[in-house]
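Undergrad:
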Amino acid sequence: MLHDDLVAVTSQDKSIILLLEVTPDLSLFKKINTGRLYRGVACGGKDGKLIVSCSADDGNPAKVDKIERNGEVSQAESIKLPPKTDPRFLCVVGNDVLVSDKESNSVLRVDWNAQIKARYTDNDLKSPRQLATDQDGNIYVATRGGRAVLMLQPGGKCRKLLDGNKHGIGNCSRGQSVAVTARNMVVVVWAARNDSCVVAGYNLNIAT
36 MLHDDLVAVT SQDKSIILLL EVTPDLSLFK KINTGRLYRG VACGGKDGKL
86 IVSCSADDGN PAKVDKIERN GEVSQAESIK LPPKTDPRFL CVVGNDVLVS
136 DKESNSVLRV DWNAQIKARY TDNDLKSPRQ LATDQDGNIY VATRGGRAVL
186 MLQPGGKCRK LLDGNKHGIG NCSRGQSVAV TARNMVVVVW AARNDSCVVA
236 GYNLNIAT
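For the numbering used here, count along the sequence shown from 1 and bump the result up by 35.
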C-alpha cells in the first residue's frame, strides 16, 4: 500500500510492477518495467520510491533495491544480501528492512549498509512469507510451511499468534500474507495446497 488508494503489486514470473488504484474497484494506474524479477515490494517513504527484493538470477546476487517509479534502480540505495538468500517478501521498519528468507527459514533485519542487525529463527518459522509490524515494534510473519502467523517480539521471543490448523478457514491453513491495522486487527491470507486463498480478520487481543 503506497497510500490510501494506490497499491503496488509484483508478478511471480514477469519483470514488472503494477500500480493499482483502488476506487474502490481495482484499475491499472501504471505499469513499471524492471530489469529484474522482483517479488517483495514496500513503500520507500516520502520520496515516493519503491523498496523491492529479488533472488539471485543470471549471476546477479540477491538484493534489496530502492527504485524510482520509472523502474530505475538507485545504485546508492541497494543492499546486497548474503549468498543463497531467497528474499520473497519484505517490509520497512524505520531505517531498516525486514526480509523473509525462504532458503534459510528465517527473517533478516538489515540496514542500508548491508549489515545484518538480527536474524530471527524458530521451529515454526518454515517457508516464511509476508511480514508486518505494529507500533510496539512487534514483527508478524505469515509462514506457509509452519501453517501459522508468528509474532517476533522486540526482545527476540517468538510466539505462535495464530495456528492455521485452528484459525484457518476450511482447507486454507497455510499462512501467505499478514497485515496489522490501526484498530488492532490482524488480517491474514490463508492459502490451500492448490493456492486458493481466503482472507480473515482477527482481533489482536483475542487472537490466541
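No residue lacks a Cβ here, since even glycine has one placed at the ideal position from N, Cα and C.
Taking the alpha-carbon positions, what's the T45 to K65 distance?
TA: 12 Å
Undergrad: If you measure between the beta carbons of A227 and N200, is that distance less than 7 Å?
TA: no
Undergrad: N95 by DSSP, collapsed to three states: which one?
TA: strand
Undergrad: Note the first and the last residue of the continuous alpha helix (DSSP H) segment covering N200.
TA: G199 to H202
Undergrad: Shortest alpha-carbon distance to Q170 belongs to which of R218, A149 and I204?
TA: R218
Undergrad: The beta strand (DSSP E) spanning W147 covers which residue range?
TA: Per DSSP, W147 belongs to no beta strand (DSSP E) and is neither H nor E.
Undergrad: Return the residue from the list V221, G236, A214 and R209 that minimises the CA-CA distance to N229.
TA: R209
Undergrad: Tell me the rounded alpha-carbon separation between V234 and V42.
TA: 17 Å
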